[in-house]
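Enquirer: Have a look at this one before I ask anything.
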Amino acid sequence: MQLRPIAFRPAGLVHLCSQVRRPARTLSQVIVAQKSAKKPKRSYEAVIVLGGGLLPDGGLPKAVQERLDLACSLAELPAHQTAAHTHCPIVCLGSGTPHKPAVLTHTGHVLHEATACTEYLAEQGVPRLQLYRETASYDTIGNAYFCCTMHAIPAGWRQCAVITSAFHMPRTQSIFRHCFSVAGQSLWGQPDHFQLDFWPVSDGDAFPEDVLEARLQREAQSLKDWEKNAEGLTTLAELHQWLHATHLCYSVTRQAQFGTRAANDALRSKAIASY
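Residue numbers are given in the working numbering: position 35 of the sequence shown equals residue 1032, and the series is strictly consecutive.
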């Protein structure tokens, strides 16, 4: 597929949200500097936002808030309004991570990352019917696979924006490109059936420098590991089989390893702080 990343300039947009629990505002009360923002190359049928962890109290890290702020801005652009004059869907991805215990709500239920993200958006005035969740995934590969099979394919969304932080974008691009291309080829005989644009949000001061450096090193290694595996995944069926037969987060044969210390030994302690 011909998928082209679109550069994101932090100064180009006025953030719609700054604090997780501040009083909600309607989108009509927020002024977005759209003219100075980098313009999309196509109209989007969905804006996809990858999760990036939760704070111990269930709040969202600054890096995740900034992803959601950008999603608000993109979905609000008139070019992405449907014939019914509603804004395009925003899809928040992610259940959690195998690297940290789940955050529980006051009722004792698991708080999924996607749920926290959609709640954040709703508090800013985004209509709840405009928001979608994907709560099956625990990593970036799962983000792409379940987003594609759970939402994009049945909904018929072909032109989508994908948002994540800059440190996470190289691996995100590779994984989403491959998963969506394989799905397009397997189902329609067209590897370019889906048109994705990638919007990286500046890392800025999202993490301390040493934490960011540790995460960048892990991202580089994880990208190499993924690209090696992806070489043998040429159909949607092969991707499905590989994911559920071998992946730590999804294989029943490995579910006893999920969240164990042994599974996290390879992850430097500083990098864990970025999840």
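For every residue, glycine included, the Cβ atom is placed at its ideal position computed from N, Cα and C.
In this text, all values refer to a predicted model and were calculated from it rather than measured experimentally.
Could you compute how far the alpha carbon of VAL1044 sits from the alpha carbon of PHE1191?
Expert: The residue given as residue 1044 occupies position 47 in the sequence shown. The residue given as residue 1191 occupies position 194 in the sequence shown. Spanning the two alpha carbons is a distance of roughly 13 Å.
Enquirer: Can you say whether PHE1255 is buried or exposed, counting buried as having 16 or more other CB atoms within 10 angstroms of its CB?
Expert: Counted from its first residue, the sequence shown places residue 1255 at position 258. With fewer than 16 Cβ atoms within 10 Å of its Cβ, PHE1255 is classed as exposed.
Enquirer: Just list the residues that DSSP pairs CYS1157 with in beta bridges.
Expert: Against the sequence shown, residue 1157 aligns to sequence position 160. Paired residues: ALA1043 and LEU1193.
Enquirer: Round the Cβ separation of ASP1194 and ARG1039 to the nearest angstrom and send it over; I've been treating them as touching at under 8 Å.
Expert: The sequence position of residue 1194 within the sequence shown is 197, counting from 1. The sequence position of residue 1039 within the sequence shown is 42, counting from 1. With 8 Å as the limit, ASP1194 and ARG1039 qualify as a contact, their Cβ atoms being about 7 Å apart.
Enquirer: Suppose you measure from the CA of PRO1058 to the CA of GLY1050; what does that come to, to the nearest Å?
Expert: As a first step, residue 1058 is located in the sequence shown; it is residue number 61 there, counting from the start. As a first step, residue 1050 is located in the sequence shown; it is residue number 53 there, counting from the start. Each residue's alpha carbon lies about 7 Å from the other.
Enquirer: Report yes or no: do the stretch 1161-1178 and the stretch 1204-1219 share at least 3 C-beta pairs separated by less than 8 Å?
Expert: A contact exists between the stretch 1161-1178 and the stretch 1204-1219.
Enquirer: Short of 6 Å in beta carbon distance, which residues of its chain neighbour ALA1119, apart from the five on each side in sequence? Order them along the chain.
Expert: As a position in the sequence shown, residue 1119 is number 122, starting the count at 1. For ALA1119, where only same-chain residues beyond five positions count, the Cβ hits under 6 Å are ARG1125.
Enquirer: Take HIS1175 as the anchor and find which of ASP1136, LEU1230 and VAL1088 has the nearest alpha-carbon.
Expert: Here residue 1175 corresponds to residue number 178 of the sequence shown, with the count starting at 1. Measuring from the Cα of HIS1175, the nearest candidate turns out to be LEU1230.
Enquirer: Return the CA-CA distance between ASP1054 and VAL1100, expressed in angstroms with no decimal places.
Expert: For the purposes of this step, residue 1054 is taken as the residue at position 57 of the sequence shown. For the purposes of this step, residue 1100 is taken as the residue at position 103 of the sequence shown. Near 7 Å, if we compare the C-alpha coordinates of VAL1100 and ASP1054.
Enquirer: Within 10 angstroms of the Cβ of GLU1131, are there 16 or more other Cβ atoms? Answer buried if so, exposed if not.
Expert: Sequence index remark: in the sequence shown, residue 1131 carries index 134 (1-based). Flag for GLU1131 reads buried.
Enquirer: Answer with buried or exposed for TRP1154, where buried requires no fewer than 16 other C-beta atoms within 10 angstroms of its C-beta.
Expert: Taking the sequence shown and counting its residues from 1, one reaches residue 1154 at position 157. Buried, since its Cβ has 16 or more Cβ neighbours within 10 Å.
Enquirer: Could you please give me the residues that DSSP links to TYR1129 through a beta bridge?
Expert: Position 132 of the sequence shown, counted from the start, is the residue given in the question as residue 1129. Answer is VAL1088.
Enquirer: With the cut-off set at 9 Å, would you say THR1112 and TYR1129 are in Cβ contact?
Expert: For the purposes of this step, residue 1112 is identified with residue 115 of the sequence shown, where counting begins at 1. For the purposes of this step, residue 1129 is identified with residue 132 of the sequence shown, where counting begins at 1. No, they are not a contact pair.
Enquirer: What residue range is occupied by the uninterrupted alpha helix (DSSP H) comprising SER1219?
Expert: Along the sequence shown, read from residue 1 onward, the residue named residue 1219 stands at position 222. Run containing SER1219: 1206-1227, per the alpha helix (DSSP H) assignment.
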